[in-house]
Amino acid sequence: MQIGYKLASEAFGPQELIRQAVRAEQAGFDFVEMSDHFHPWLEVQGHSSFTWSVLGAIAAKTNTLGLATGVTCPSVRYHPAIIAQAAATMALVSDGRFTLGAGAGERLNEHVVGQGFPSVRGRHERLREALEIIRLLWQGGYQSYEGKHLQLEDARVFDLPQRLPVIAVAASGRSSAAMAAELGDGLFATEPKSSIVAHYREAGGQGPRYAEVPMAWAPDEQQAVNAAKETSRWAVTGWKVMSELPNPVNFDAATTWVEDHHIRQQFSVGPDPEVHVAKVRAYVEAGHDHIVLQNAGPDPDGFLDFCAGDLNARLRALG
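Read in order, the letters of the sequence shown correspond to residues 1 to 319 in the UniProt record's numbering.
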């Protein structure tokens, strides 16, 4: 099992994210995973740097740390040809440490280019076409593609690594898990549902299975709850809300109802390692083997020290 640290591009500026990544390597994490957003979820978070630039800087400042996007939508704000090129370059500059996490995206980030945001069916169709284009370009040579939604004309990625990046495809049900098995090399999920992993395996998927685990560490339990409620209450709204609202102000308005008990239901909170181990255990038992710790607490350095001191060793024992 591998343990990853979530770099929240919405909550910290680029230099701070680079610093946290270096500290995560020193703390013994196997990889970092960084969200790929144009907007933060909430105004109070106040950041949203360009993920690909930050990951490149992290690659230059680390030696063994794996790098991943969690996740990139390669079909609206980006054209898949650009992501094929970017991911290939990241694989080269990181000496093969990069994983491309890919998904269908959220309106929050994708509407900004003025093309609207498709229906659930439409975004899944676009994701399939995007993955096909990325795979096509990674074969080498000049390539063209004519899809229902996406096109490619005489394009070639000149700098390709000998070992192509792993593509971990975000899934929440049977059809997306099957797409992950067919067009990806791995699975990405945010819920501890064994059915998602089962669907992936039934469709022939045999790759790494990533999962984000929501946590909030602080020396005091209530302090952890307060921090998560202030900056991360969007996480309790569910995917049907998270994928559809267009701006941080909408998430501010949509989460006024969130109270402490909602945070405690969603996050493992406080200083007790056993609480966090129990949270992770549910994801391991669901079949995930690449666990991403997503800390919404107020002190990232305290959390990294906490992980290095005891938590990560206990989590590895689960696998």
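Cβ atoms here follow ideal geometry from the backbone N, Cα and C, with glycine treated the same way.
CB contact flag (residue i, residue j, <8 Å)
i	j	result
residue 161	residue 99	no
residue 185	residue 2	no
residue 294	residue 192	no
residue 147	residue 123	no
residue 280	residue 318	yes
residue 229	residue 263	yes
residue 47	residue 75	no
residue 268	residue 275	yes
residue 218	residue 28	no
residue 56	residue 22	no
residue 39	residue 248	yes
residue 273	residue 311	yes
residue 300	residue 20	yes
residue 243	residue 107	yes
residue 150	residue 84	no
residue 82	residue 54	no
residue 183	residue 207	no
residue 326	residue 255	The question about residue 326 has no answer here: the residues shown for the chain are numbered 1 through 319.
residue 284	residue 314	no
residue 91	residue 72	no
residue 52	residue 88	no
residue 80	residue 130	yes
Local Cβ density within 10 Å of residue i, reported as buried at 16 or more and exposed below that
i	result
residue 396	Residue 396 is absent from the model: the chain starts at 1 and stops at 319.
residue 36	buried
residue 109	buried
residue 297	buried
residue 43	exposed
residue 6	buried
residue 158	exposed
residue 200	buried
residue 266	buried
residue 117	buried
residue 78	buried
residue 140	exposed
residue 237	buried
residue 234	buried
residue 163	exposed
residue 306	buried
residue 143	buried
residue 251	buried
residue 41	buried
residue 253	exposed
Nearest-angstrom Cβ-Cβ length linking residue i and residue j, presumed shorter than 8 Å
i	j	result
residue 152	residue 133	5 Å
residue 194	residue 286	4 Å
residue 216	residue 190	So it is not a contact: roughly 16 Å between Cβ atoms.
residue 354	residue 292	Because the chain in this structure spans residues 1 to 319, residue 354 falls outside the shown range and cannot be described.
residue 178	residue 155	Contact flag wrong, Cβ pair sits at about 27 Å.
residue 13	residue 31	Not quite, the Cβ-Cβ distance comes to about 21 Å (not below 8 Å), so this is no contact.
residue 205	residue 181	3 Å
Hey, is the stretch 61 to 71 in contact with the stretch 88 to 104, meaning 3+ C-beta pairs nearer than 8 Å? Three or more beta-carbon pairs separated by less than 8 Å link the stretch 61 to 71 to the stretch 88 to 104, which places the two stretches in contact.
Every unbroken beta strand (DSSP E) inside the stretch 128 to 197 [3 residues or more]: Segments of the beta strand (DSSP E) lying fully in the stretch 128 to 197: 143 to 146, 151 to 155, 166 to 170, 186 to 189.
Below 8 Å, how does it come out for the stretch 163 to 181 and the stretch 57 to 66: are there three or more Cβ pairs, yes or no? Contact between the stretch 163 to 181 and the stretch 57 to 66 is absent, because fewer than three Cβ pairs lie under 8 Å.
Of all the alpha helix (DSSP H) runs that stay within the bounds of the stretch 199 to 256, which reach a length of 4 or more residues? The DSSP assignment places 221 to 232, 239 to 242, 248 to 254 as complete runs of the alpha helix (DSSP H) inside the stretch 199 to 256, in order along the chain (cut-off: 4 residues).
What ranges does the alpha helix (DSSP H) occupy inside the stretch 246 to 316, keeping only unbroken runs of at least 4 residues that lie completely in it? The qualifying runs are 248 to 254, 260 to 266, 273 to 285, 300 to 306.
Secondary structure, beta strand (DSSP E): runs of 3+ residues fully inside the stretch 15 to 63: For the stretch 15 to 63, the continuous beta strand (DSSP E) assignments of 3+ residues that do not extend past its boundaries occur at 31 to 34, in sequence order.
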